[in-house]
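A short worksheet on the structure shown next.
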Amino acid sequence: MRKSRKLYFHGGVNGGKVGALRALDAAYRSYLQECIDFLLLSKRFSVPLSERRGFFPSHPSLTVHLRRGVWNHALDITTSWVASKYATNLGKRIKLLLREEVITQEVAHGLRTIGKSSVDKPWKHVTQKTLNLFWSWLLDEKLVGKRPSAPKRLCIRLNEGSAVVSAADGTSVAPLWLSLSTLEIGRKTQIPLHSNLLTQGDLVKDFYLREDKRGRLHVDVCEKKEYPVPQELPKDAPKVGVDVGLNVMASAWDGRNGRLYGQHVKPLFYKKYAKLSLARANRQRQGLLEDSPRLSYMESALTELVKNFVGRYSNQLVRDYPGAVFVVEDLDLSGTRGQKRFAYRAMHEALARKVSCQVVNPAYTSQQCRKCGYVSRRNRKSTVFACRGCGWQGHADLNGG
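Take 145 as the starting number for the sequence shown in our numbering and just add one per residue.
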């Protein structure tokens, strides 16, 4: 498992370099959309490496290495779009038509193979007639919605031939520099990057150049270093129950003692969330549908706040209970939206990346007394747990853990 990093542009980048980058982005996205449309017109999901140069249309300004990045980018966008449409629309349509006996079992099998494996040529039980039927659905905007498009913000896929991140020589402006091809043939622009932890040898060769909601330019890279994937611990390893949420980021119970993590996060979160909701409501009253830079900044700040505390307390849990298996709830979040869903998911995923986790049924964990086992809805009121059976009182999240 590798970790991704964001290397932001240094504040001292001059306007000429940013202007050259914007011109490159305009040409890149225009060509990317052309390649996406060409894939759909040709009814192709994949193109072998040896055929890509002759298959895709050419471009007069982009170098061959930048064009290769566009081809890979277009294929990724198209296959991801097809997979999402199959999961949300076409899979259900196939099931419905099969139930109504409009299509046979063999045709349904072929359609599912196309949707799951992105098959674009006759193969085994996938016939040309089945392919034509699948594509007729896929290109029907009334059925599946809008077709795939290039990203609205700057997003350029780069490889070793079109850009290199290297260490600086003879300058103290920044430790790493991005050397990037431009629309001028034979000329590259040098852009300083912020990097306090990484060196040139720590990074893989392929990466993305992006722009976030706040308009900040950065390079998305991956480290070469491989981080170990959490291994399953022995059955006799100690277990720690972990209850996650917004009232308390995490509450842990090891069978004898309990600990609470992040009790102060909820007031801080809702203070920022109230400002964001007020700003969004004001824009809606004015009939403004698109987000403003200020609103995008506030949303990003709220997301980063949760991510920051999730990372902090998940690391603290791992340090406090070394060698333990973390027991977490198998929560059904289908009816949960917004910040609560995000907080649950973020903490569960953070723990799963770092330690061995065991998932259990969450039924009645918030209503059952840990002392006597008595179950009642009236046992819990907000963050206070007061058992109606034995009279034990304590923190509700700690009891859940």
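From the three backbone atoms N, C-alpha and C, an ideal C-beta is built for every residue, glycine too.
Look at A171 here: in three-state DSSP terms it is helix. Taking 7 Å as the cut-off, the Cβ atoms of H338 and K150 do not count as close. Between the alpha carbons of D380 and W397 lies a distance of about 17 Å.
CA-CA distance, V309 to L422, rounds to 42 Å. The beta carbon of L176 is closer than 7 Å to those of V214, H217, A218, A294 in its chain, skipping five residues each way along the sequence.
With a cutoff of 7 Å on beta-carbon distance, Y230 and R360 are scored as not near each other. For the options V503, A171, Y488, the alpha carbon positioned closest to that of S325 is the one of A171. Across the structure, H269 and P437 are spaced so that their CA atoms are roughly 51 Å apart. Taking all protein chains in view, the Cβ of R212 is crowded by 16 or more other Cβ atoms within 10 Å, so the residue is classified as buried. Our two residues, K368 and T274, have alpha carbons roughly 43 Å apart in a direct line. A distance below 8 Å between beta-carbons, with the five flanking residues on each side excluded, links K451 to the following residues of its chain, in chain order: A490. For W215, there is no enclosing beta strand (DSSP E); the enclosing alpha helix (DSSP H) covers residues 208–229. Note that the C-beta distance between I180 and T222 is below 7 Å. With contact defined as three or more Cβ pairs closer than 8 Å, the segment 428–447 and the segment 345–357 are in contact. Residue environment analysis places P336 among the buried positions, since at least 16 neighbouring C-beta atoms fall within 10 angstroms of its C-beta. Taking C-beta separations shorter than 7 Å and ignoring five residues to either side along the sequence, the partners of L420 in its chain run M442, E443, L446, following chain order.
Taking C-beta atoms as the reference points, I238 and L255 count as a pair closer than 7 Å. In the DSSP annotation of this structure, the continuous segment of the beta strand (DSSP E) that includes I300 starts and ends at 299–302.
Assigned with DSSP and collapsed to three states, E355 falls in strand. The residue from S186, L449, N391 with its alpha-carbon nearest to that of V528 is N391.
Looking at the DSSP output, V386 bridges to A396.
Contact annotation, V384 with V471: C-beta distance approximately 7 Å; criterion of less than 8 Å satisfied. Measuring C-alpha to C-alpha distances from R166 to each of V263, H492, D313, I300 identifies I300 as the nearest.
Three or more pairs of CB atoms, one per stretch, sit closer than 8 Å, so the segment 184–194 contacts the segment 259–268. Contact annotation: I247 and L241 have beta-carbon atoms nearer than 7 Å. When DSSP states are grouped into helix, strand and coil, T257 belongs to the helix group.
Selection A425, F453, V157 evaluated against Q407 yields F453 as nearest (Cα-Cα). Here DSSP, grouped into helix, strand and coil, assigns E493 to helix. Per the coordinates, the alpha-carbon of N426 lies some 11 Å from the alpha-carbon of L439. In this structure, L234 lies away from G198, with their beta-carbon atoms at least 7 Å apart. Buried is the label assigned to C531, since at least 16 other Cβ atoms lie within 10 Å of its Cβ.
Taking a 10 Å sphere around the C-beta of P319, we find 16 or more other C-beta atoms and assign the residue as buried. Classified as buried, Y457 has 16 or more neighbouring CB atoms from the shown chains inside 10 Å of its CB. In this structure, DSSP gives Q537 an extended state, which the three-state scheme calls strand.
Residue burial is scored here from C-beta neighbours: C534 has fewer than 16 other C-beta atoms within 10 angstroms and is therefore classed as exposed. Pairing D364 with N303 gives a Cβ-Cβ distance that is not under 7 Å.
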